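In our numbering, the protein residues as written are 201 to 397. We put the beta carbon where it would ideally sit given N, CA and C, even for glycine. In this text the structure is predicted, and so the values were computed from the model without any measurement. Worksheet: the structure to be examined is printed underneath.
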Amino acid sequence: MLSALLILIRMGPHYAHTFFYKYLTELNNHATRVNLKDQSIIIDANSFMYFIYNEILNDDKHKNRNQILTTIPFNYDGYWDYSKQVLNKFKQDCSDVLVVFDGVFKRNANRRPDPERASSLHVTEFNGYQNQLPLLFRRGFIDILRELDIGVNVARGEADPMIVRLAQDRNAYVVAADSDYHLYDLPQGYVPLYFLK
């Protein structure tokens, strides 16, 4: 384990994501399977939204060029349906679900994006800006949470520290697509969205 920590320090947090998901879990089976049924969970809203967005974009990759050219740039209905389906599954199966959003904070201009991390994606031409979701994406997500009566918190700044504190207080799993959670002391653990079935 010490050698893994030394590797992480050398590679930095930007490539830790790739290290965790490509090396530790796939090659060496260091992940432990958990059942979230009747468990308390806290969802990182930002990483969840980017994860869902990435899943939808990946579903469009199999379409041929003519299908893509004749469809709208982004299908909000598909997003809402898919998000609602996933969140409803959490609501039905877990004892308590809380979603935490990032608050307002100044982004680090020197931060290098990790190409394997969903929130570092260069998004479609519809947006024209790196790392931005389509215009109504966040609003639609909040509407779904309200409709399903799922608890919502908004952090004052970046949500990660608040999510960790809430997970410790509630003895909850953290569900996200952000390898930073591997570095925190979580009572139950971190469940990457990549491995949810």
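- By the beta-carbon neighbour count (other beta carbons within 10 angstroms, threshold 16), S295 is exposed.
- In the three-state reduction of the DSSP assignment, P361 falls in the helix class, which pools H, G and I.
- Taking 9 Å as the cut-off, the Cβ atoms of A372 and I242 count as close.
- Inter-residue distance for F301 and F251 is about 14 Å (C-alpha atoms, whole angstroms).
- Annotation: V304 to A359 spans about 10 Å, alpha carbon to alpha carbon.
- For I344, the secondary structure class from DSSP, reduced to helix, strand or coil, is helix.
- Taken through DSSP and simplified to helix, strand or coil, D238 comes out as coil.
- Residues L236, K237 and D238 of the same chain have their beta carbon placed closer than 8 Å to that of D293, with the five preceding and five following residues left out of the count.
- A straight line joining the alpha-carbon of R338 with that of Y279 spans about 11 Å.
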